[in-house]
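Taking it in order: structure first as structure tokens, then the write-up.
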Amino acid sequence: MKQTRNWVFLMLLLLLGVMISACSNDNDKKDTNKVPTNVPVTTDTPQEIVVRINDDPDFLDPHKATASISYQMILNIFEGLMAPETDGSLKEGLAESYEISQDGLTYTFKIRSGVKFHNGEDLTIEDIQYSFDRLMGKNGGEKMSNNFDNVASTEAPDTTTFVIKLKEPNSNFLYSLTARQAAIIPKSNDGKHNENPIGTGPFAYVKYAPGSNLVLKKNESYWKEGLPYLDKVTFAFQSDDQAAIMSLMANEVDLTSVPWQRVNEVENSHHLSHQNNNSSLIVTFNETKAPFDNIKVRQAMNYAISKADIIDSVFAGYAVPLGSNMSPAMGDYQKKGLEDKYKLDVAKAKALLAEAGYPDGFKTKITVSSHNDIYSNIAQIVAANLKEIGVDVEIEVVEWGIWLDRVYFGRDYTMTTIDLTGRASAYEILNDYISTNDSENFFLFKNEEYDNIMADVLKETDTAKQIAYYQRAQEILAEQAVSVYVADYQIVWGSDKQVIGLKSYPFWFHDMSEVKFSN
Amino acid sequence: MMYMIRRFILLMTTILLVSMITFGVFQILPGDPVRTMLGTEADATQIENLRSELGLDRPLYEQYTDWIKGLLTGELGHSIRFSMPVKDLLLDRLPVTMSLAVLTLTIVLMVSLPLGMFAARRQNKLSDVSLSTLTQIGMAVPSFWLGMMLILYVGMQFSFFKISGYIPWSQSIAGALSTLILPALTIAIPQIAVNFRYVRTAILEQMQLDYVRTIRSKGMSERNVMYKHVLKNAMIPILTVFGLIMAEVVAGTIIVEQVFSLPGVGQLLITAISNRDFPLVQGIVMYITVAVVVINFIVDILYSVLDPRIRLR
Amino acid sequence: MDIVKRYMKNINLLIGLLVIVGFLLVMITSFFYTPYDVNMMNIPEKLHSPSSKYLFGTDEFGRDIFSRMMKGTQTAFAVGLLTVIIGTSFGILIGGLAGFLGGWVDELFMRLMDALMAFPGIILALMLVAVFGPGVVNTAIALGVIAIPAISRIARSGFVQHRDAEYVLAAKLIGVKPYNIMFRHILPNISSQIIVAATVTFATAMLAEAALSYLGLGVQPPNPSWGRMLKDSQAYLVKASWYTFAPGGAITLLVLGLYMLSNAVRDYMDPRSK
Numbered sequence: 246m247k248q249t250r251n252w253v254f255l256m257l258l259l260l261l262g263v264m265i266s267a268c269s270n271d272n273d274k275k276d277t278n279k280v281p282t283n284v285p286v287t288t289d290t291p292q293e294i295v296v297r298i299n300d301d302p303d304f305l306d307p308h309k310a311t312a313s314i315s316y317q318m319i320l321n322i323f324e325g326l327m328a329p330e331t332d333g334s335l336k337e338g339l340a341e342s343y344e345i346s347q348d349g350l351t352y353t354f355k356i357r358s359g360v361k362f363h364n365g366e367d368l369t370i371e372d373i374q375y376s377f378d379r380l381m382g383k384n385g386g387e388k389m390s391n392n393f394d395n396v397a398s399t400e401a402p403d404t405t406t407f408v409i410k411l412k413e414p415n416s417n418f419l420y421s422l423t424a425r426q427a428a429i430i431p432k433s434n435d436g437k438h439n440e441n442p443i444g445t446g447p448f449a450y451v452k453y454a455p456g457s458n459l460v461l462k463k464n465e466s467y468w469k470e471g472l473p474y475l476d477k478v479t480f481a482f483q484s485d486d487q488a489a490i491m492s493l494m495a496n497e498v499d500l501t502s503v504p505w506q507r508v509n510e511v512e513n514s515h516h517l518s519h520q521n522n523n524s525s526l527i528v529t530f531n532e533t534k535a536p537f538d539n540i541k542v543r544q545a546m547n548y549a550i551s552k553a554d555i556i557d558s559v560f561a562g563y564a565v566p567l568g569s570n571m572s573p574a575m576g577d578y579q580k581k582g583l584e585d586k587y588k589l590d591v592a593k594a595k596a597l598l599a600e601a602g603y604p605d606g607f608k609t610k611i612t613v614s615s616h617n618d619i620y621s622n623i624a625q626i627v628a629a630n631l632k633e634i635g636v637d638v639e640i641e642v643v644e645w646g647i648w649l650d651r652v653y654f655g656r657d658y659t660m661t662t663i664d665l666t667g668r669a670s671a672y673e674i675l676n677d678y679i680s681t682n683d684s685e686n687f688f689l690f691k692n693e694e695y696d697n698i699m700a701d702v703l704k705e706t707d708t709a710k711q712i713a714y715y716q717r718a719q720e721i722l723a724e725q726a727v728s729v730y731v732a733d734y735q736i737v738w739g740s741d742k743q744v745i746g747l748k749s750y751p752f753w754f755h756d757m758s759e760v761k762f763s764n
Numbered sequence: 234m235m236y237m238i239r240r241f242i243l244l245m246t247t248i249l250l251v252s253m254i255t256f257g258v259f260q261i262l263p264g265d266p267v268r269t270m271l272g273t274e275a276d277a278t279q280i281e282n283l284r285s286e287l288g289l290d291r292p293l294y295e296q297y298t299d300w301i302k303g304l305l306t307g308e309l310g311h312s313i314r315f316s317m318p319v320k321d322l323l324l325d326r327l328p329v330t331m332s333l334a335v336l337t338l339t340i341v342l343m344v345s346l347p348l349g350m351f352a353a354r355r356q357n358k359l360s361d362v363s364l365s366t367l368t369q370i371g372m373a374v375p376s377f378w379l380g381m382m383l384i385l386y387v388g389m390q391f392s393f394f395k396i397s398g399y400i401p402w403s404q405s406i407a408g409a410l411s412t413l414i415l416p417a418l419t420i421a422i423p424q425i426a427v428n429f430r431y432v433r434t435a436i437l438e439q440m441q442l443d444y445v446r447t448i449r450s451k452g453m454s455e456r457n458v459m460y461k462h463v464l465k466n467a468m469i470p471i472l473t474v475f476g477l478i479m480a481e482v483v484a485g486t487i488i489v490e491q492v493f494s495l496p497g498v499g500q501l502l503i504t505a506i507s508n509r510d511f512p513l514v515q516g517i518v519m520y521i522t523v524a525v526v527v528i529n530f531i532v533d534i535l536y537s538v539l540d541p542r543i544r545l546r
Numbered sequence: 138m139d140i141v142k143r144y145m146k147n148i149n150l151l152i153g154l155l156v157i158v159g160f161l162l163v164m165i166t167s168f169f170y171t172p173y174d175v176n177m178m179n180i181p182e183k184l185h186s187p188s189s190k191y192l193f194g195t196d197e198f199g200r201d202i203f204s205r206m207m208k209g210t211q212t213a214f215a216v217g218l219l220t221v222i223i224g225t226s227f228g229i230l231i232g233g234l235a236g237f238l239g240g241w242v243d244e245l246f247m248r249l250m251d252a253l254m255a256f257p258g259i260i261l262a263l264m265l266v267a268v269f270g271p272g273v274v275n276t277a278i279a280l281g282v283i284a285i286p287a288i289s290r291i292a293r294s295g296f297v298q299h300r301d302a303e304y305v306l307a308a309k310l311i312g313v314k315p316y317n318i319m320f321r322h323i324l325p326n327i328s329s330q331i332i333v334a335a336t337v338t339f340a341t342a343m344l345a346e347a348a349l350s351y352l353g354l355g356v357q358p359p360n361p362s363w364g365r366m367l368k369d370s371q372a373y374l375v376k377a378s379w380y381t382f383a384p385g386g387a388i389t390l391l392v393l394g395l396y397m398l399s400n401a402v403r404d405y406m407d408p409r410s411k
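Below is the structure:
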């Protein structure tokens, strides 16, 4: 009997659809009809913003979320003991202050008082203990991250102190304490972190409509006095870049990235701000496969591929050339001048190919993802450039999922192009994707000196010496021609009103806490 | 009653076959749902955790038999990408797609019927020929291009239209129309050509029949001949093509929802496929199958209403 | 007046033939001659508007759009014809067996075709391209597969109609093999319906290729494909609005020609619809 009823349900899906469309969601109605209560009367600009994002978050639970797109949004909800700064350094977050012991093994944090979660509860030391236990898989669940494998113990000697002891010193450890890697979440919300995420951040979760939007509202009792300015933030999902810019022109979104080619269409009517993305767009190779196991071939590629062509036609000039993974956005950490190490030189490229035993060039294949046109466009330029030195490149465009499966995780490829998204610290930028001890090293690059540097720098506490290590690492990447480091492209933000306080971080994060409109 | 049972069995077999095709394609489809969802930032631990949490570490055929079992109890399973029940996702998206489809059909009918009648009366005159050529151009334009052009030359010019997103009817009828008219036009324009042609042909066929000559000779006005007799009889062949058009409209929503960022079922299907979300793809494809079968069912019933000679078998 | 009327009647045939012959000529020419190398980039000359130097302007890489349009006819005909070949041969085989044999074969094949048809074509094509990999041939295979159900239905109804015709019974009586009856006797009699269906398939293949390109798959760059060019031109709708009309116009014109031709053939076969 029950089964028949359910069948009837399925059959009625259609009719139901029509009926729902006629008398839709009551919740929606309430939302829009509600008179905003806390709008300051002093300003006539509504303090609400609609920000366009390409895609849905993977999870709202900050410990489960992995995709960088999720953090762009949810870092507005959560905070960690430490907080990122726009220049790639760190400041105190939920920790008021911290101390590191001489041996670099014990981290002692003094917890800020008077912080409240969005549900009104006070932040307690139990919540911090709970958050770390959850990440490390110590309260019954699975381990949620590998970042804390180096942690020997955590303890709370009193109600305002939290101590983390490491097994080995790690000068980069503080970076894993930001909301991105270790968001502090309330124990009382256990089991509901994804359905109803609660944090201490400037904005509180309101609702998430898959494929449509994520709505946040102002955290009225935020511990930073006077922040945030906005009452409501809506992240609207729209995958088509071309449609998005038209939505901006039609005033349906307030803030979106503008496709580079179309910047001049909106520059007179809209406000633009430029953000260095800190990602490195690379053309790279599988370094275990002939002919790219040969350094001379890789150098030849570097001489033959025109960064200027790519920057000009794909990014309409909104990009800076790179010489290694490190972007100028990272300031002193970047080794300057590497971008000119391989100047476009077809003759030299040919000579190098001949030396490597390929005087007549060779045939190869570049596998790129279809989720953004920039990759197939770059592949076309690469193919045209390499044709000049006799290398015949076939372009294979595959879905993002297949690219991840085959190229990134499967490493079954010869050439590809991708942008490595920015990381908060110089260490992560240089270690992730490249170092042999990193599981994400999809170029399969192997270099002993490089690996030693990446191990030694963690034991080094002096910043100047760390920088020296990092700069040497960048030199190795250039010397070994690990990839063709093409460019760090800028994201050009267009907004309909004058938006101030938009900060750019060395990784993807739409920090809305200090954003406001001005007339 | 026998007819209903037969229809029902047919629907069940079709759903089963469709789900088997989806299953078959997924067997050989490269790409992994968890990796796609987590992207380049994921480490091995996170991937493994999520995979076992979602039960994706089991072979696909087990996931398929689970899905079938769920179906028998009216459950459509859980989406991998959105970590929520497929049923909820579908119910959330259906109003958008249904409204779009209904509006599209209304436009198709409202335009193609009068145009077809007009052209039939002026058979082979200049206006007839240019109408048929013009409507065929509408059929020949790639739909995403047509959508983009409508956005650029209509949507951007008149502030009434919204070019992205959806406003529910309950919130504002004008708002809903402002989000739906352009996408509906995009799907409707090619279908107008198809229906126009059928209406014109059907009416011409009727006009040649003896009964028309008889009533004309009895002195009935052209107007009455057309509206009281010809049109009514011409509806039967028109209905056949209308069933086909409805299926096209359902399929047409897929690309168009993408162009207009409408959060409907078609857009959800694209997301589901590119994320390799097996339960969600199964759920949506099943919905489309049910929709198409139900539409044909309705067409059949209308047939028997219009023409009492036709009995439902 | 009579002459005008006659031309009006045959306008479908006239325009249809004119368009297709025109494109065929362009295609043949493109094998020997294009004004510029189709894949040669000249980035300083990018997005040059139409002029006597570049008839249709240049694209974002400074490639000559006119040359790429010419070369694109090869891709269009390759994809279209291959799709038609795959779609019709399997469609006739499946529909023919179902219609000719009837019984459970008919039931099985047709249910399977119903199921395939329930899949929105573009989705099935998307999945098939993911399986086979991209490229001209693979795109055509995917588009061919989605064309099979429609053609097999047409073939089936043709075979059912002729299955019990007198000439078939006569052939059976004198011991002609079933294979020969199907393909030597019945098939020629329904060939005009198949031709109409094939022409329409060609047209829909063009539109489906454009849709696949919109979703980022389909024929691979740098091979010039109209669908891909149309998609690429979206970024320049305002800045270089002429860019989009070359590929968009070519697809529309060819598809229009094919539809008109198919209508002309249908009218010719079925005098009632004239």
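Chains as they are written, first to last, in the numbering used here: chain A, 246 to 764; chain B, 234 to 546; chain C, 138 to 411. C-beta atoms are modelled at their ideal positions from N, C-alpha and C, and glycine is treated no differently. Bear in mind that the values here come from a model prediction, so they are computed numbers and not experimental data.
Report the partner residues of A521 of chain A according to the DSSP bridge assignment. Counting from one through the first sequence, the residue named residue 521 of chain A turns up at place 276. For the sequence presented, residue 521 of chain A should be read as Asn rather than Ala. In the DSSP output, where bridge partners are listed per residue, N521 of chain A has A:Q735.
V392 of chain C vs I332 of chain C beta-carbon contact at 8 Å: Numbered from 1 along the third sequence, position 255 holds the residue referred to as residue 392 of chain C. Numbered from 1 along the third sequence, position 195 holds the residue referred to as residue 332 of chain C. Going by C-beta atoms, V392 of chain C is not nearer than 8 Å to I332 of chain C.
Host alpha helix (DSSP H) of R770 of chain A (start-end): Within the shown structure, residues of chain A are numbered from 246 to 764, placing residue 770 of chain A beyond reach of any answer.
How would you list, in chain order, the residues of chain B whose beta-carbon sits under 7 Å from the beta-carbon of W645 of chain A? The count along the first sequence starts at 1 and reaches residue 645 of chain A at position 400. Neighbours of W645 of chain A across chain B, judged by C-beta separation under 7 Å: T269, S507.
Quick check on H515 of chain A - is its C-beta less than 8 Å from some C-beta in chain C? Stepping through the first sequence from its first residue, residue 515 of chain A is reached at position 270. Not an interface residue.
Interface residues of chain C around Q625 of chain A at Cβ under 7 Å? Taking the first sequence and counting its residues from 1, one reaches residue 625 of chain A at position 380. Ordered by position in chain C, the residues that pass the 7 Å Cβ test against Q625 of chain A are F198, P358, P359.
C-beta neighbour in chain B for I331 of chain C, strict 8 Å: What you label residue 331 of chain C is simply residue 194 of the third sequence in a count that begins at 1. Not an interface residue.
Which residues of the region 513 to 543 of chain A have a Cβ closer than 8 Å to any Cβ of chain B? Give them in chain order. none
Among the residues of its own chain, which have a CB less than 6 Å from the CB of S763 of chain A, if the five just before and after it don't count? Numbered from its first residue, the first sequence carries residue 763 of chain A at position 518. The residues are Q743, I745.
Proximity test, Cβ basis, 8 Å: L535 of chain B and chain A: For the purposes of this step, residue 535 of chain B is taken as the residue at position 302 of the second sequence. Not an interface residue.
Taking all protein chains shown into account, do 16 or more other C-beta atoms lie within 10 angstroms of the C-beta of S197 of chain C, making it buried, or fewer, making it exposed? Here the question's residue 197 of chain C lines up with position 60 in the third sequence. This sequence places Glu at residue 197 of chain C; Ser is not what is there. E197 of chain C comes out buried.
Of the residues A:G446, A:N464, A:T445, A:N441, the one placed nearest Y453 of chain A, counting alpha carbons only: Here residue 453 of chain A refers to the residue found at position 208 of the first sequence. Out of A:G446, A:N464, A:T445, A:N441, A:N441 has the C-alpha closest to the C-alpha of Y453 of chain A.
Nearest to D499 of chain A (by Cα), restricted to the options A:K748, A:E759, A:G739, A:L747: Taking the first sequence and counting its residues from 1, one reaches residue 499 of chain A at position 254. Ranking the options by Cα distance to D499 of chain A, first place goes to A:G739.
Can you find a C-beta in chain C that's less than 8 Å from the C-beta of V525 of chain B? What you label residue 525 of chain B is simply residue 292 of the second sequence in a count that begins at 1. It does; some Cβ of chain C falls within 8 Å.
Cβ-based contacts, 8 Å cut-off: residues of the region 440 to 463 of chain A near chain B: Close to chain B, meaning a Cβ-Cβ distance shorter than 8 Å, are the following residues of the region 440 to 463 of chain A: A454, P455, G456, S457.
Going by the DSSP bridge assignment, what does R209 of chain A pair with across the sheet? Past the boundaries of the shown model lies residue 209 of chain A; chain A is included only from 246 to 764, so the question cannot be answered.
Using a Cβ-Cβ distance cut-off of 8 Å, determine whether N509 of chain A contacts chain C. Within the first sequence, the letter at position 264 stands for residue 509 of chain A. So, interface residue.
Residue from B:A484, B:I521, B:F259 with nearest C-alpha to A421 of chain B: In the second sequence, the residue the question calls residue 421 of chain B occupies position 188. Looking at the Cα atoms, B:A484 is the closest of the given residues.
To which residues does DSSP link Y450 of chain A through a beta bridge? As a working note, residue 450 of chain A is residue 205 in the first sequence. Beta-bridge partners of Y450 of chain A (DSSP): A:L461.
Considering just the uninterrupted stretch of the alpha helix (DSSP H) at Y577 of chain B, what are its terminal residues? The requested residue 577 of chain B does not occur in the structure, where chain B is confined to residues 234 to 546.
When you compare only the Cα positions, how much space is there between Q439 of chain B and K465 of chain B? For this step, residue 439 of chain B is matched to residue 206 along the second sequence. For this step, residue 465 of chain B is matched to residue 232 along the second sequence. One C-alpha to the other measures close to 10 Å.
So, using beta-carbon positions, are I388 of chain C and A347 of chain C closer together than 8 Å? Walking along the third sequence from the start, residue 388 of chain C turns up at place 251. Walking along the third sequence from the start, residue 347 of chain C turns up at place 210. Yes, they are a contact pair.
What number of angstroms, rounded off, separates the C-alpha of L310 of chain C from the C-alpha of G240 of chain C? The sequence position of residue 310 of chain C within the third sequence is 173, counting from 1. The sequence position of residue 240 of chain C within the third sequence is 103, counting from 1. The alpha-carbon atoms of L310 of chain C and G240 of chain C are separated by roughly 21 Å.
On the DSSP bridge assignment, give the partners of T336 of chain C in chain order. Position 199 of the third sequence, counted from the first residue, corresponds to residue 336 of chain C. Answer is none; T336 of chain C lacks a bridge partner.
Measuring only between beta-carbons, confirm whether R546 of chain B sits less than 8 Å from chain C. Counting from 1 along the second sequence, the entry for residue 546 of chain B is found at position 313. The pLDDT assigned to R546 of chain B is 48, lower than 50, so where the model puts this residue is not dependable; a value taken from the coordinates is nonetheless given after this. By this cut-off, R546 of chain B is not an interface position.
In the structure shown, what three-state DSSP assignment does E293 of chain A receive? Here residue 293 of chain A is taken as the residue at index 48 of the first sequence, counted from 1. In the structure shown, E293 of chain A sits in a strand (DSSP, three-state: E or B).
How long is the line joining the alpha carbons of L380 of chain A and T399 of chain A, rounded to whole angstroms? Here residue 380 of chain A corresponds to residue number 135 of the first sequence, with the count starting at 1. Here residue 399 of chain A corresponds to residue number 154 of the first sequence, with the count starting at 1. So the alpha carbons of these two residues sit roughly 12 Å apart.
Report the three-state DSSP secondary structure of A561 of chain A (helix, strand or coil). For the purposes of this step, residue 561 of chain A is identified with residue 316 of the first sequence, where counting begins at 1. Three-state result, A561 of chain A: coil.
Selection from A:G325, A:K463, A:V559 that minimises the alpha carbon distance to K625 of chain A: Residue 625 of chain A sits at position 380 when you count from the first residue of the first sequence. Here the sequence assigns Gln to residue 625 of chain A, which means Lys is not the residue at that position. Minimum Cα distance to Q625 of chain A is reached at A:V559.
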